[in-house]
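S.K.: All residue numbers for the sequence shown refer to full-length UniProt numbering, where the first residue is 1 and numbers rise by one.
There's a structure below that I have some questions on.
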Amino acid sequence: MALVAWLMFRPHGSDPAAALDPDYIRLEEARMAAVLDDPQADSLALPNLPTTPVDPVAADAAAAAALDAGLVLAARSGRPPLKALLFLHGLGDSGRAWTARAARWQESLPDLAVVLPSAPAMAVTAASGMSLPAWYDVLSMRVDGPQAADSIRAGAEMVRAMVAKVAEDLGLPQSAILVAGFSMGAALALFAALETRLLGAPHRGGHLVAVGVLSGYLPLHTLVASAKARRRGQPEWQRALPPLAVFMAHGARDAVVPLQAAAASARALEREPWIELEFFTVRGCGHETCTAEELEFVRWLGAR
């Protein structure tokens, strides 16, 4: 397995060298080691979760609506893009709200187009049924609470439909479409990639090859674990696939998606021989995209 995993601690908006406080780093490394060594961190129960078939027609319609509600930032080079980033926003947000950040990422990546879809509004259970832009329903604001499996799986199929449509519209192979997101969007992007690879044959003509997870985690890890248990080894079709590159960045002070949830997800991912994982934490950063995190994300995008 090709694995790159490290911890970096940088206060938001300061000189990176100033963050190298040995005492602080020792404390953070000890705390992270405790998380990663926790047997519960990758102890994945295997309950019978819903497996209602996803409606591909509905997924296509939802994907088209999300793309129409968002926008596309053309490559800054003025040439046809060599790659495209499909970026999924978080709960209650919009794709257009990420325009300035995406344009900043493109400054270092002139041949990258960025697609910023906007999620449809839906009744969110955890918000007392309030209608909010969301990629799937949320049953609990706790990451270890109950999850809407069918809604998440429908959202994942919508992501794959968006990838197929973006590839077609931009004249790119699906392998040139990178998928990333923030918070809810990050969680869905990661699940979409893993579900495709673990549950069988390629969806819509291709597998996702790179996923960026900003302040996210792996939802429905029990469903993924069930698929792993049924698989009993790596099948031939999976061995023939290119590795899945996964970038995870998380604020050490994230109070919405706790660092422990991201670390537990990373621990599960690093055990897969076909995943190339980079896990990056930012000192002093909460549930947000901090400067150090964005710099590492852009570096990772450029290496794809």
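Glycine included, every Cβ here is placed at the ideal spot set by N, Cα and C.
Is DSSP giving M130 helix, strand or coil here?
M.R.: M130 falls in the strand class under three-state DSSP.
S.K.: Note down, in chain order, each residue of its chain lying with its Cβ closer than 6 Å to the Cβ of V213, except the 5 sequence neighbours on either side.
M.R.: A186, L190, M248
S.K.: Under 6 Å Cβ to Cβ from A33, same chain only, skipping five residues before and after it: list those, please.
M.R.: Note that A33 scores a pLDDT of 47, beneath 50, so its modelled location is shaky and nothing firm can be said.
S.K.: Quick one: what's H250 bridged to in DSSP?
M.R.: T281
S.K.: Does the Cβ-Cβ distance between S108 and V298 come in under 9 Å?
M.R.: A Cβ-Cβ contact shorter than 9 Å links S108 with V298.
S.K.: Closer than 8 Å by C-beta to R79: which residues in its own chain qualify, once you throw out the five before and the five after it? Chain order, please.
M.R.: Answer for R79: D111, listed in chain order.
S.K.: Return the CA-CA distance between L88 and E270, expressed in angstroms with no decimal places.
M.R.: C-alpha separation (whole angstroms): 23 Å.
S.K.: Using CA atoms only, rank isn't needed, just tell me which of Q106, D60, V54 is closest to A75.
M.R.: Residue Q106 is the option with its Cα nearest to A75.
S.K.: According to DSSP, simplified to helix, strand and coil, what is A41?
M.R.: In this predicted model, A41 has a pLDDT of only 40, less than 50, meaning its place in the structure is not dependable enough to derive any value.
S.K.: Please report the Cβ distance between V211 and A180, rounded to the nearest whole angstrom; I am assuming they are in contact, meaning their Cβ atoms lie under 8 Å.
M.R.: 7 Å
S.K.: Determine the extent of the alpha helix (DSSP H) in which A261 is found, giving its start and end residues.
M.R.: 259-270
S.K.: Check whether the Cβ atoms of L194 and P81 lie closer than 9 Å to each other.
M.R.: no
S.K.: My assumption, with CB atoms under 8 Å, is that G70 sits in contact with V115. Please give the rounded CB distance.
M.R.: 7 Å
S.K.: Hey, quick one: how far does the beta strand (DSSP E) through G185 stretch, first residue to last?
M.R.: Counting along the chain, G185 sits inside no beta strand (DSSP E); it lies in the alpha helix (DSSP H) bounded by residues 184-198.
S.K.: What is the DSSP secondary structure of E168, counted as helix, strand or coil?
M.R.: The answer is helix: DSSP assigns E168 an H, G or I state.
S.K.: Using a Cβ-Cβ cut-off of 6 Å (strictly less than) and excluding sequence neighbours within five positions of L218, which residues of its own chain qualify?
M.R.: L190, S265
S.K.: Are there 16 or more other CB atoms within 10 angstroms of the CB of G90, so buried, or fewer, so exposed?
M.R.: buried
S.K.: Shortest alpha-carbon distance to F280 belongs to which of L208, A252, M184?
M.R.: A252
S.K.: Measure the C-alpha to C-alpha separation of M130 and G92 and round it to an integer number of angstroms.
M.R.: 10 Å
S.K.: Closer than 8 Å by C-beta to P258: which residues in its own chain qualify, once you throw out the five before and the five after it? Chain order, please.
M.R.: V143
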